[in-house]
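Data first, discussion second: the structure below is written as structure tokens.
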Amino acid sequence: MSFQLKRQTIIFIILAILNLAAALDATSLSVALPRIAKELNGTAIEAFWSGTSFLVTSTVFQPIICSVSDIFGRGAALLASIALFMLGAILAGISRGFKLLLAGRSLQGLGAGGIIALTEVVLTDLVPLRERGKWLSILSASWAVGSVCGPLLGGVFAQLVTWRWIFWINLPFAGIGVLLVPMLWKIGLFRSSIRPKLAKADYIGCILFTTSLTSVLLPLTWGGVMYTWNSWHTILPLVLGLGGLAAFVAYEKLFAVNPLIPLHIFQDLSSSFNYMGCFLHGMLLWSMLYYLPLYYQAVLGYKPIISAVALLPETFTVAPASGLVGILIALRGHYRWEIWIGWILTTTGTGLLYLLHVETSIPQWIFLNIVPGLGTGILFSSLTLAIQASAPENNMAMAVTMTNFFRSAGQAIGVAVGGVVFQNSMKSQLRNHPQTKGIADQYAKDASALAEVIKGLPADLRDPTKQAYAQALATLWAVMCGFAGLGLLTSVFVKEYKMDRISGWEHSTVNKSSKRTPKTLKAA
């Protein structure tokens, strides 16, 4: 093995560790929120924001950090992201009140957004398209492992040690990432001519994008929890945000000299369908990760740690499926069949979740979880590589960033859509039962809060409420199956592009030695 390949391997191992840390942080807090709220004397709204702040900031920051990395270099941008991530973890870990905890979670979201975006961008800088599947499988596997272990670690720390370890555990992983910086410096992933780039940066686009997207995401996350969906607190920022995004698109197209997001990356119809696929993939995956534990806790009566374990049949199939498909695409040089199979399994699997009910046995729910896990795992690698295959090299970094951005946006909106479906169905189910008719409006507001309330209800109310909860979730899975079907339908129009391209733009290692024939390091 050559020295360059050894260095490349070390780089990707460290990138995978950073991905693991971001995934752990994104998924570990939810199961510990009740205990954190109790210890810090926080309200339900403050507990809600400690999770939401991370999701919003990480989503909004991804396109911006990609543009920042074009100015200051990948290494500097990644180092800044790691620093924000570690600072946020420290603030959250030492917090004695929710204000400091929220500040820490917001900073962690900024850092995690940069890590998520830049790990794959660095991969595209260094590896030819045909070889990326092998390395992408490592990053996907690390994210999947973090997603699996996050709820488990969160529950264990909260119950057996202290919830503060949810944040402290991130520091050694992020610290390892700091070791990556000298390597990125040596292979040329830092820039020297910063001033001309700063002068041409799209500041207006950054402001429009950040404020408008935040204005859209916030009401989508607090709708039905903090405020009703028909409240002006929800409608006004949503309308203003959508108007701001329309203004952002117009500005980027008509006035921006160096646009924050080059809109021509969406001109290719196949790419647009794949971006839509990433959005739907994020919706479906996060809906499963969010609502399945609630099924186990509210309907089957499992404790938080056991409900996290119950997710393993699904989450533990994501990493192997993603990894194997990435390797298969690298060997075959084609990806359309993998996308189609992924959507078929995801649509079928989401539909199978409709069968989950109060009397579902352990072997039954294990089997029902495996199918959507395989489908969503396959889509992780196949959609990402399909977008990269259709993107021009000079826009590859932004194409990769938008892949993760749309997936993250889908995650935020998926939970919101699921919440609307659950509330309406739950209210309808409770009103149809004479014993629960009087509590319908009160208990249908928040799925996660109701999961705890059910345990303390008297038997004459608990059983019909469990039935209503299971049926409301079944309605949710039926709606999500429809979204999965839309993903399957749009995948028919995905084109096949050649994958025998080299990675040839200016961040590549050999551009320093040969600009006419750029080369890249190849996987073993």
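Quick note, the sequence shown lines up with residues -23 to -1, 1 to 501 if you use mature numbering (1 follows the signal peptide of the UniProt record, and there is no 0). Backbone N, C-alpha and C define an ideal beta-carbon position, used for all residues, glycine too. Treat the numbers as computed from the prediction; the structure is a model and nothing was measured.
Which residues does DSSP list as the beta-bridge partners of Tyr204?
Gly200
Does the segment 324 to 337 come close enough to the segment 204 to 212 to have 3 or more Cβ pairs within less than 8 Å?
no
Starting from the C-beta of Ile(-10), find all residues in its chain whose C-beta is less than 7 Å away, skip the five residues before and the five after it, and write them out in chain order.
Ile153, Gly154, Leu156, Leu157
Could you check the C-alpha separation between Ser119 and Phe150 for me, to the nearest Å?
12 Å
Exposed unless 16 or more other CB atoms sit within 10 angstroms - verdict on Ala(-8):
buried
So, helix, strand or coil for Thr139, using DSSP?
coil
Three-state secondary structure (DSSP) of Ser284:
helix
Just to confirm the assignment, what range does the alpha helix (DSSP H) spanning Gln400 have?
373 to 408
Rounded to the nearest angstrom, how far is the Cβ of residue 505 from that of Ala(-2), given a contact under 8 Å?
An answer regarding residue 505 cannot be provided, because it is not within the stretch -23 to 501 covered by the chain.
CB of Cys43 within 8 Å of CB of Ala374, strictly:
yes
Extent of the continuous alpha helix (DSSP H) run through Phe460:
436 to 468
Can you tell me which of the three DSSP states Lys475 falls into?
coil
Does the separation of the CB atoms of Leu360 and His241 fall below 8 Å?
no
From Gln341 to Ala89, what does the alpha carbon distance come to, in whole angstroms?
36 Å
So Gly86 and Val33 are supposed to be a Cβ contact under 8 Å. How far apart are they, rounded?
7 Å
Closer than 8 Å is the cut-off here; do at least three beta carbon pairs connect the segment 429 to 449 with the segment 229 to 238?
no
Looking at the secondary structure, which residues open and close the alpha helix (DSSP H) in which Phe293 lies?
289 to 309
How far does the alpha helix (DSSP H) with Glu229 in it extend, from its first residue to its last?
209 to 231
For Asn346, count the other beta carbons within 10 Å of its own beta carbon; 16 or more makes it buried, fewer makes it exposed. Which is it?
buried
Give the range of the alpha helix (DSSP H) segment to which His258 is assigned.
246 to 271
Since Ser189 and Gly300 should fall inside the 8 Å C-beta cutoff, what is the C-beta to C-beta distance between them, to a whole number of angstroms?
Ser189 to Gly300, Cβ: 37 Å. No contact.
Helix, strand or coil, according to DSSP, for Phe134 in the structure here?
helix
Give the range of the alpha helix (DSSP H) segment to which Arg51 is assigned.
51 to 71
Determine the contact status of His410 and Ala445, defining contact as a CB-CB distance below 8 Å.
yes
Can you tell me the Cα-Cα spacing of Ala428 and Ser83, whole angstroms?
27 Å
Would you call the segment 313 to 323 in contact with the segment 348 to 355, where contact means no fewer than 3 C-beta pairs closer than 8 Å?
yes
Going by DSSP in three states, Gln412 sits in which element: helix, strand or coil?
coil
Report all residues from its chain with a CB closer than 8 Å to the CB of residue 504; omit the five preceding and five following residues, and keep chain order.
Examination of residue 504 is not possible in this model, given that the chain is present from -23 through 501 alone.
Please confirm if the segment 247 to 263 is in contact with the segment 461 to 468, defined as three or more CB-CB distances below 8 Å between the two stretches.
yes
Going by beta carbon distance, what residues of the same chain come within less than 6 Å of Ala451, once the five residues before and after it are set aside?
Tyr331
I need the straight-line Cα distance from Ala368 to Ala307, nearest angstrom please.
17 Å
Extent of the continuous alpha helix (DSSP H) run through Leu92:
Note on identity: in this sequence residue 92 is Ile, with Leu being the wrong assignment. Where Ile92 is concerned, the enclosing alpha helix (DSSP H) stretches over 75 to 103.
So the alpha helix (DSSP H) Ala151 belongs to, where does it begin and stop?
147 to 155
So Val302 packs on Ser358, CB below 8 Å; how close in whole Å?
5 Å
Kindly indicate which residue of Val392, Arg12, Gly310 has the alpha-carbon position closest to the one of Phe75.
Arg12
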